[in-house]
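S.K.:
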Amino acid sequence: MDRMEVTETFAGMSLPGHLHTAESLRFASSFEFRDTDVVIATYPKSGTTWMQEILTLLYSQGNLLPAKTIPNWFRAPWLEHIYFKDTLQETSERRLITTHLPCHVLAPGLKKAKAKVIYIARNPKDVVVSFYHFHKFAKFLPDPGSFNDFLMRFLDGTVQYGSWFDHVKGWLSHQEELELFYITYEDLHQDLGRSVQRLAAWLGCPLPPEVLRAIEQHCSFSSMRENVMVNYTLIPSEIMDHSQGQFMRKGTVGDWRDHFTPMQTMLFHRLYQEEMQGTSLHFPWAM
Ligand code: A3P
Numbered sequence: 005m006d007r008m009e010v011t012e013t014f015a016g017m018s019l020p021g022h023l024h025t026a027e028s029l030r031f032a033s034s035f036e037f038r039d040t041d042v043v044i045a046t047y048p049k050s051g052t053t054w055m056q057e058i059l060t061l062l063y064s065q066g067n068l069l070p071a072k073t074i075p076n077w078f079r080a081p082w083l084e085h086i087y088f089k090d091t092l093q094e095t096s097e098r099r100l101i102t103t104h105l106p107c108h109v110l111a112p113g114l115k116k117a118k119a120k121v122i123y124i125a126r127n128p129k130d131v132v133v134s135f136y137h138f139h140k141f142a143k144f145l146p147d148p149g150s151f152n153d154f155l156m157r158f159l160d161g162t163v164q165y166g167s168w169f170d171h172v173k174g175w176l177s178h179q180e181e182l183e184l185f186y187i188t189y190e191d192l193h194q195d196l197g198r199s200v201q202r203l204a205a206w207l208g209c210p211l212p213p214e215v216l217r218a219i220e221q222h223c224s225f226s227s228m229r230e231n232v233m234v235n236y237t238l239i240p241s242e243i244m245d246h247s248q249g250q251f252m253r254k255g256t257v258g259d260w261r262d263h264f265t266p267m268q269t270m271l272f273h274r275l276y277q278e279e280m281q282g283t284s285l286h287f288p289w290a291m
């Protein structure tokens, strides 16, 4: 497959046309949520797959079978990908749903149904590094060029899914009106057990010690890197060229320090301050 050139503009984001057709985006924006739905909402590269795995184990009560036999994209399908339309509509079981779409597209439907949303944010400097490496092997995305080129596009908000700032501000400004649980990649990284306990309490999902142990073991970076149901090695090389990179790349906090020059850091911080001033959002790790 050639590198993706054709894009569609939807809600201010540029999206690969062959993945996110007009039909799939219409489907997502008019989706009928149920009050039993649990939606994982993220800007790309913020810990989406990690949360898909955690929730799989939470709801299976620590039984590893689903996580070891069903690819993550069937356990928690993408709302904006028409391929999953029937899977999403036909299931009568509790649905785990994944999306990178901005809040304003989904908020009316979410509010109507009182579906639960888990929003995960990650230090945007680590997000841009992870996204850059992802573009190098995800052949459905445009060539990222140099890191500097990609960073400038990220700061302009012209990468896939648009501005990180708009995404985070959009979702978190609806915190009061939605059933929304907010957590960061850094929280998960610092104390997975504590984070999962908080999440389980919020979901009203009992968490016996053996389930917590299973989640901590199975959702570690080293374990997920080896799990073919979640490390994307099942995806053919025409779509993800695994010789050019790995989905489970580093799984660390602060990798940006090995990528950003002092000038890039300064530019980033200036924009960060401009974008976040006037909000009550506080990301201690972003500065
Ligand atoms: P890196 O590229 O920095 O390694 P997403 O699922 O939203 O696309 O995010 C992918 C990022 O989450 C990648 O970051 C990946 O390595 C990281 N990740 C996935 N599972 C993880 C885990 N169990 N522990 C730590 N990081 C994880």
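If you're matching positions, the sequence shown starts at 5 in the working numbering and goes up one per residue. The C-beta atom is built at its ideal place from N, Cα and C for all residues, glycine as well. Since we're looking at a predicted model, the values are computed, not measured.
#1: Take PRO81 and list the residues in its own chain whose beta-carbon comes closer than 6 Å to its own, dropping the five residues that flank it on each side.
#2: For the pair the segment 123-140 and the segment 49-61, tell me if three or more CB-CB distances fall below 8 Å.
#3: Distance, Cα to Cα, LEU59 vs ARG274?
#4: Taking the CB atoms as reference points, tell me whether VAL121 and SER33 lie closer together than 8 Å.
#5: Going by CA-CA distance only, name the one from ILE219, TRP77 and SER241 that's closest to LEU68.
#6: Buried or exposed: where does LEU100 fall if 16 or more other Cβ atoms within 10 Å of its Cβ makes it buried?
#7: Run the CB neighbour count on GLN281, radius 10 Å, all protein chains shown included, and call it buried at 16 or more, exposed below.
#8: Sorted by chain position, which residues of the same chain lie with C-beta nearer than 6 Å to TRP206's C-beta, five sequence neighbours on each side aside?
#9: Between which two residues does the beta strand (DSSP E) harbouring LYS120 extend?
#10: Which term fits ARG7, buried or exposed, when burial requires 16 or more other beta carbons within 10 angstroms of its beta carbon?
#11: Could you spell out where the beta strand (DSSP E) holding TYR186 opens and where it closes?
#12: THR102 and GLN56: beta carbons closer than 8 Å?
#13: Select from THR73, VAL42 and LEU114 the residue whose C-alpha is nearest the C-alpha of TYR63.
#14: Using a Cβ-based criterion (distance less than 7 Å to any ligand heavy atom), does PRO106 qualify as near the ligand A3P?
#15: Less than 6 Å between C-beta atoms, sequence neighbours within five positions excluded: which residues of the same chain meet that for SER167?
#16: Once DSSP output is grouped into helix, strand and coil, what is the label at LEU238?
#17: What three-state label does DSSP hand LEU159 in the structure shown?
#18: Should the segment 237-254 be regarded as contacting the segment 151-161, the criterion being three or more beta carbon pairs within less than 8 Å?
#19: To the nearest angstrom, report how far apart THR265 and LEU155 are at their CA atoms.
#20: Whole angstroms is fine: what's the gap from PRO288's alpha carbon to THR269's?
#21: Look up ILE243 in the DSSP assignment and say whether it is helix, strand or coil.
#22: Answer yes or no: the CB of ARG253 versus the heavy atoms of the ligand A3P, is any distance below 7 Å?
#23: Check whether the Cβ atoms of PHE37 and GLY149 lie closer than 8 Å to each other.
#24: With DSSP as the reference, label THR40 as helix, strand or coil.
#25: Between ASP39 and VAL133, which are expected to be in contact by the criterion C-beta below 8 Å, what is the C-beta distance as a whole number of angstroms?
#26: Which residues does DSSP list as the beta-bridge partners of LEU59?
#27: For ILE44, count neighbouring C-beta atoms within 10 Å of its own C-beta (all shown protein chains included) and say buried if the count is 16 or more, exposed if not.
#28: Suppose contacts are defined by Cβ-Cβ distances below 8 Å. Is GLN194 in contact with LEU216 by that definition?
M.R.: Looking at the coordinates:
#1: PHE88, THR91 and LEU92
#2: yes
#3: 36 Å
#4: no
#5: ILE219
#6: buried
#7: exposed
#8: PHE185
#9: 120-125
#10: Caution applies to ARG7, whose pLDDT of 36 falls short of 50 and renders its modelled position unreliable; the value that the coordinates give is listed next. It is exposed - the Cβ of ARG7 has fewer than 16 other Cβ atoms within 10 Å.
#11: 183-188
#12: yes
#13: VAL42
#14: no
#15: GLY161
#16: coil
#17: helix
#18: no
#19: 11 Å
#20: 15 Å
#21: coil
#22: yes
#23: no
#24: coil
#25: Not quite, the Cβ-Cβ distance comes to about 38 Å (not below 8 Å), so this is no contact.
#26: None, per the DSSP bridge assignment.
#27: buried
#28: no
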